[in-house]
Amino acid sequence: MTTYFISRHPGAVDWAESEGFHVDERLAHFDVAIVQAGDRVLGTLPINLVAEVNARGGEYFHLTLELPADARGKELTAADMRTYGARLEGYAAQKH
């Protein structure tokens, strides 16, 4: 089982690891073809990719935070992310 964190932001990976999520690979670009059954994918993927992750037997955890407008576009530290209520929430999707 591999845990992938899909993000361009180092602070997000630092936050995830400080919260107990072990990250095997941090990727700035995601190719769903790498996902195998039992893998975990963390990040902010569009719904069509979430469905593909699930179809391949992987689990998806969405990075959610309550980010005010004045903080958008800035690099956040792990501490900033905690301040903004960062959390990873599991989602499953299926294409019809």
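Note that the numbering used here has the sequence shown beginning at 4, numbered continuously upward.
C-beta: ideal position from N, C-alpha, C; glycine also.
Burial state of residue i, where buried means 16 or more other Cβ atoms lie within 10 Å
{"i": "residue 42", "result": "buried"}
{"i": "residue 82", "result": "exposed"}
{"i": "residue 10", "result": "buried"}
{"i": "residue 4", "result": "exposed"}
{"i": "residue 93", "result": "exposed"}
{"i": "residue 74", "result": "exposed"}
Three-state class that DSSP yields for residue i in the structure shown
{"i": "residue 46", "result": "strand"}
{"i": "residue 20", "result": "helix"}
{"i": "residue 79", "result": "coil"}
{"i": "residue 91", "result": "strand"}
{"i": "residue 29", "result": "strand"}
{"i": "residue 6", "result": "strand"}
{"i": "residue 40", "result": "coil"}
{"i": "residue 85", "result": "helix"}
{"i": "residue 13", "result": "helix"}
{"i": "residue 73", "result": "helix"}
Residue i - partner residues in DSSP beta bridges
{"i": "residue 55", "result": "Answer by DSSP bridge pairing: none, since residue 55 is not bridged."}
Residue range of the beta strand (DSSP E) that includes residue i
{"i": "residue 66", "result": "62 to 67"}
Contact test: residue i Cβ vs the ligand FMN heavy atom, cutoff 7 Å
{"i": "residue 37", "result": "Among the components modelled here there is no ligand, and therefore nothing to report on the ligand FMN."}
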